[in-house]
Amino acid sequence: MKNLIRKSVEAMSGYVPGEQPKGEGVIKLNTNENPWLCSPEVRDILNEIDVVELAKYPDPLCAEVRKVIAEKHEVGLANTFAGNGSDEILALCIRAFCERDGSVGYFDPSYSLYPVLAQIEEIAVKPVALDENFEWKMPKGYEASVFFLTNPNAPTGMLFPKAKVEAFIKNFPGVVVIDEAYVDFARESCMEFATKYDNVIVARTLSKSYALAGIRFGYCVGAKPLIDALHKIKDSYNVSRLTQELARVALLDEETMAAITAAVKGTRGLLTDELKALGFKVYPSETNFVWAKPPNLPAKKIFEELRNRNIFVRWFDGPRTKDCLRITVGTNEQIMTLIENLEEILGK
2 MKNLIRKSVE
12 AMSGYVPGEQ
22 PKGEGVIKLN
32 TNENPWLCSP
42 EVRDILNEID
52 VVELAKYPDP
62 LCAEVRKVIA
72 EKHEVGLANT
82 FAGNGSDEIL
92 ALCIRAFCER
102 DGSVGYFDPS
112 YSLYPVLAQI
122 EEIAVKPVAL
132 DENFEWKMPK
142 GYEASVFFLT
152 NPNAPTGMLF
162 PKAKVEAFIK
172 NFPGVVVIDE
182 AYVDFARESC
192 MEFATKYDNV
202 IVARTLSKSY
212 ALAGIRFGYC
222 VGAKPLIDAL
232 HKIKDSYNVS
242 RLTQELARVA
252 LLDEETMAAI
262 TAAVKGTRGL
272 LTDELKALGF
282 KVYPSETNFV
292 WAKPPNLPAK
302 KIFEELRNRN
312 IFVRWFDGPR
322 TKDCLRITVG
332 TNEQIMTLIE
342 NLEEILGK
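Numbering of the sequence shown is given in this note's numbering, commencing with residue 2 and proceeding in unit increments.
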């Protein structure tokens, strides 16, 4: 029988998402979901769904939610794009800005979806290795069609200085996509660069700080020619009617988002302090997770021991990541249960 699968797809491993365990008693600290409730305005919309409206196609341009995004960031409507999660935006950027003989750059380690998206389009990848402290220095003469600059970075949680990011943008010949999925937990944002430079896209998501990973909504801001290109190649109705409305009201409720991020930051401090007390090396985090290297035992062993106790954290196999665990900031109660179990595992 003839092989019907593209050779490049057959050769791929594909993206490996975080485990989604089911059942009671599970403590899930592995996929950076937000344990706090989303905006009450969102809950009101869900309680008032008009099923008649669900029979109609959504606005293909997401105009109403994009108006809110434009006002939030003080940019023109033409500088905004709405997507089915920020992952769709990342994929569209490769399709829009990479020729077949082009390349995609990103930090190693960073979001492991980037190389997968490039492989799907059969585009070469040019990762830039972070140093032993997970900082970066671009190789002399480095070029790529698109560079995904994750800030704050994942899985390390570290924030790269704006001045360093801007210096890179000024000297980079391609499109810089600044992935700010976790920026609401950080000290500063690079959003201003989205309209200051003509080669920058800044991508955001409602999955983290807005506690809405389940609705799949992301957006980006950038120069009009870049945004126009994304609109040309997107799916016809890429964001559902319900998601557009939920995202719109969530973005308007800045008070709830501020309260959520403040709570996460507080518990992040607790988690950091408790891990350090156990001997972990904890890297400075500006996200809703921490990146920590355990003492005495291998990270994989601790990951497995915790999993056996229905506590799920993230361990990434690979030479740059295998010595650390990525732990989502949960509730205070979840964190203290985690710490108690780590004490037993480490024999403290």
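Ideal Cβ placement from N, Cα and C applies to all residues, glycine included.
- The beta carbons of Val126 and Ser104 sit about 7 Å from each other, so the pair counts as a contact at 8 Å.
- When DSSP states are grouped into helix, strand and coil, Phe304 belongs to the helix group.
- Listed in chain order, the non-local C-beta contacts of Leu307 below 8 Å within the same chain comprise Phe313, Val314, Leu339, Asn342, Leu343, Ile346, local neighbours out to five positions each way being set aside.
- Boundaries of the alpha helix (DSSP H) around Phe169: 163–172.
- With a 10 Å radius around the Cβ and a threshold of 16 neighbouring Cβ atoms, Arg205 comes out buried.
- Between Phe304 and Ile328, the C-beta gap is not smaller than 8 Å, which leaves the two residues out of contact.
- When DSSP states are grouped into helix, strand and coil, Ile312 belongs to the strand group.
- The criterion of a C-beta distance shorter than 8 Å is satisfied by Val43 and Leu247.
- Closest in C-alpha terms to Arg321, from the list Val129, Glu100, Gly24, comes Val129.
- When the alpha-carbon of Gly84 is set against those of Cys325, Lys277, Lys294, Arg217, the nearest one is in Arg217.
- In the structure shown, Cys94 adopts helical secondary structure according to DSSP, grouped into three states.
- Closest by C-alpha distance to Gly77, out of Lys225, Asn33, Arg188, is Lys225.
- Residue pairing by DSSP places Tyr220 opposite Ala83, Arg205 in a beta bridge.
- Boundaries around Asp180 are those of the beta strand (DSSP E), 176–180, since no alpha helix (DSSP H) includes it.
- With 16 or more other CB atoms across the displayed protein chains lying within 10 angstroms of its CB, Arg249 is buried.
- Assignment of Ile124 by DSSP, reduced to helix, strand and coil, places it in the coil class.
- It is roughly 27 Å from the alpha-carbon of Lys323 to the alpha-carbon of Ser9.
- Under the Cβ criterion (8 Å, minimum of three pairs), the region 277–285 does not count as touching the region 56–69.
- Nearest in C-alpha terms to Arg310, of all of Glu11, Leu5, Gly24, Asp318, is Gly24.
- About 6 Å separates the Cβ atoms of Leu131 and Phe108, confirming a contact at the 8 Å cut-off.
- A check of alpha carbon separations from Gly142 across Asn152, Ala119, Gly175, Leu62 identifies Gly175 as the nearest.
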